[in-house]
Amino acid sequence: MSVTPSSPAQQAPAATLGLMTLFAAVLKRDLHVGMRRWTDASNSALFFILVLALFPLALSPKAEVLRMIAPGVIWIAALLATLLSLHLLFRADLEDGTLEQLLMLPYPLGWILLAKTLAHWIITGIPVVVMAPILAVTYHLPASALTVLTFSLLLGTPTLSLLGSIGAALTAGLRSASVLLAFIVGPLMLPVLMLGARATDLALAGEDPTGPLYLLGALLMLAVSVVPFMAAAAIRVSAD
Amino acid sequence: MLAGTNLTLWRETTRLFEGLSFILPPGSALLIEGPNGAGKTTLLRVIAGLTMPESGSVTWNGTDLRSQLQSGVLQLAFFGHATALKPEISARANLQFFAQLAGQPARVDELLQVTGLAACADLDVRLLSAGQKRRAALARVLLSGAGLWLLDEPQTNLDKAGRQLLQRAVQTHLGGGGTVVVAAHQALDLGSAPVCRLMLGMD
């Protein structure tokens, strides 16, 4: 058996992957790993179901009461479900050494973290978005409000995951990160919560919900363009 | 050429090293020795740009090593205690990811063969033994195509054949003009390559 290094040692090849290929490679790997680690993934979804099942039992089964609280309750449950899983976003990568390997590659770190956050949202966020309209039926929401609720969650939960990635990057090396993380990113998440609940509220009252939905979309765009840089700077500190 | 200039690092109130300098021409190895806790791993992390020294700099051919890494002029392979393997997926899937990032997607099978993992390549990494995980991590180093290897206690958990494999790989790398920095307790035969020795933790 001969051992040959893959190229003449002094002539290191330049980064060969395009940005989209890199993004796809990281996304594919994280989805692959995430699906295998399904207990982590299902935690958020189970928590979401549990909270939404408890409110009608504790408050009142009356249709008008449930309809009134539904937008706020569903959005709060979605926010807490997101927070619940966020501290694990970069934890495993830091502990098993993947992160330090990624830090030494000639690729933009923010781009890699964006792919990781997207994978995390697909695994933990999409189940919440899909289950929300199903569970909302038990709150007697009309079909028009269900559509707006789902759409607002579809725009809002990725923003929550992105904002959370800053906190996850800052706290990845800490033992009891989950509470600290909630305090760091919780305040940043409030606008998303308020706009999402407001949009659903407006639809419920038969008014036009496009205003808050546009704002949610704008927040998502802002988060996608700014957050990866902040998370990248934070993760360098955590990896030290 | 790898060079460290005037490196100083304290951890809390303990001085790990101060005013440390070295120059390493291509094709030569730096052997870092010292008792446990002397700062061998930390020095490797400083060279890799993962930990910032309090003063001093690490350069590659005269330019800051970290910027050389970012621009892709230099690639380095870091073989540390953490294997960077995901326990939930197979060794092959783990290596394919890094092979793709290194631009060497076709060499995975060959390196699984070389490192003796061909038979267990499709098992989840959590089922592999500690030594097999180290072999998989070694395969990642071999397919990185990096000019600079940083090896932290590379013989840990490897059996006799594994240590020989490692030794041959390092000798081949040095023979091809590569640069190696090793932190090791056990003797590693580096063949005829010039070796600089650095003793940490001795005043």
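Heads up: the sequence lines are chains A and B, in that order. Residues 1 to 240 in the numbering used here are what the first sequence lists, from first letter to last. Residues 241 to 443 in the numbering used here are what the second sequence lists, from first letter to last. Glycine residues also receive a C-beta, built at the ideal position from the N, C-alpha and C atoms.
Just the chain A side, please: which residues come within less than 8 Å of residue i by C-beta, in chain order?
i, result
"B/Glu252", "Result: empty, since nearest Cβ-Cβ is about 15 Å, beyond 8 Å."
"B/Gly320", "Gly97, Glu100"
"B/Ala333", "Arg29, His32"
"B/Phe262", "Near B/Phe262 there are no residues of chain A at all, since even the closest Cβ is about 19 Å away, more than 8 Å."
I want to verify the contact list: residues of chain B whose CB lies under 7 Å from the CB of residue i, in sequence order.
i, result
"A/Ala199", "By Cβ distance, chain B contributes nothing, its closest Cβ being about 38 Å from A/Ala199, past 7 Å."
"A/Leu103", "Leu290"
Is residue i buried or exposed, if buried means 16 or more other CB atoms sit within 10 Å of its CB?
i, result
"B/Arg255", "exposed"
"B/His321", "exposed"
"A/Pro106", "buried"
"B/Ile272", "buried"
"A/Leu50", "exposed"
"B/Gln426", "exposed"
"B/Gln372", "buried"
"A/Asp240", "exposed"
"B/Val354", "buried"
"B/Leu283", "buried"
"A/Gly18", "exposed"
"A/Val130", "exposed"
"A/Pro171", "The displayed chain sequence assigns Thr, not Pro, to residue 171 of chain A. Flag for A/Thr171 reads buried."
"B/Val420", "buried"
"B/Trp250", "exposed"
"B/Val338", "At residue 338 of chain B the sequence reads Phe, which differs from the Val that was named. Its Cβ being crowded by 16 or more others within 10 Å, B/Phe338 is buried."
"A/Glu100", "buried"
"B/Lys400", "exposed"
"B/Ser261", "exposed"
"B/Met241", "exposed"
"A/Trp38", "exposed"
"B/Arg380", "buried"
"A/Met189", "buried"
"A/Leu181", "buried"
"B/Gln404", "exposed"
"B/Ala278", "buried"
"A/Leu83", "buried"
"B/Pro275", "exposed"
"A/Thr124", "buried"
"B/Asn334", "buried"
"B/Gly302", "exposed"
"A/Pro228", "buried"
"B/Ala370", "exposed"
"A/Arg175", "exposed"
By how many angstroms is the C-alpha of residue j removed from the C-alpha of residue i?
i, j, result
"A/Leu79", "B/Arg347", "44 Å"
"A/Thr98", "B/Leu270", "25 Å"
"A/Glu64", "A/Asp208", "21 Å"
"B/Gly385", "A/Val73", "53 Å"
"A/Ile122", "A/Leu163", "15 Å"
"B/Gly416", "A/Pro158", "48 Å"
"B/Ala342", "B/Ile263", "27 Å"
"B/Thr281", "A/Ala177", "26 Å"
"A/Ser238", "B/Ser311", "22 Å"
"B/Gly402", "B/Arg285", "24 Å"
"A/Gly110", "A/Leu103", "10 Å"
"A/Arg91", "A/Ser161", "15 Å"
"A/Pro212", "A/Gly186", "20 Å"
"A/Ala223", "B/Trp389", "37 Å"
"A/Leu155", "A/Leu215", "10 Å"
"A/Leu135", "A/Val128", "10 Å"
"A/Ala218", "A/Ala232", "22 Å"
"B/Ala423", "B/Leu406", "14 Å"
"A/Gly167", "A/Ile184", "6 Å"
"B/Leu367", "A/Leu113", "28 Å"
"B/Ala358", "B/Leu391", "24 Å"
Which chain A residues sit within Cβ distance under 7 Å of residue i?
i, result
"B/Ser311", "Pro106"
"B/Leu325", "Asp96"
"B/Glu328", "Val33, Arg36, Arg37"
"B/Ala316", "Reading off the sequence shown, one finds Leu at residue 316 of chain B, where the question assumed Ala. Chain A residues near B/Leu316: Met104."
Quick check: is any heavy atom of the ligand PLP less than 7 Å from the C-beta of residue i?
i, result
"A/Ala168", "Looking at this structure, you won't find the ligand PLP or any other ligand, since it has none at all."
Based on DSSP bridge pairs, tell me the residues matched to residue i.
i, result
"B/Ser297", "B/Thr245"
"B/Cys360", "Looking at the DSSP assignment, B/Cys360 forms no beta bridge with any residue, so it has no partner."
"A/Thr147", "Answer is none; A/Thr147 lacks a bridge partner."
"B/Arg251", "B/Thr254"
"B/Ile263", "B/Ala243"
Residues of chain B with a CB under 8 Å from the CB of residue i: which are they?
i, result
"A/Leu17", "Gln340, Leu341, Gly343"
"A/Ala239", "Leu290"
Can you name the residues of chain C whose CB is closer than 8 Å to the CB of residue i?
i, result
"A/Ala25", "In the structure shown, chain C does not exist; the protein chains are A and B."
Practice item. Evaluate the contact criterion for the segment 203–213 of chain A versus the segment 141–155 of chain A: three or more CB pairs, one atom per stretch, below 8 Å. Key: yes
Practice item. State whether the segment 386–395 of chain B contacts the segment 244–251 of chain B, with contact taken as three or more CB pairs (one from each stretch) at a distance under 8 Å. Key: no
Practice item. Evaluate the contact criterion for the segment 283–303 of chain B versus the segment 330–337 of chain B: three or more CB pairs, one atom per stretch, below 8 Å. Key: no
Practice item. Flag this pair as touching only if the segment 426–441 of chain B and the segment 400–411 of chain B have three or more C-beta atom pairs under 8 Å; answer yes or no. Key: yes
Practice item. Kindly confirm or deny that the segment 113–120 of chain A and the segment 27–36 of chain A touch, where touching means at least three C-beta pairs closer than 8 Å. Key: yes
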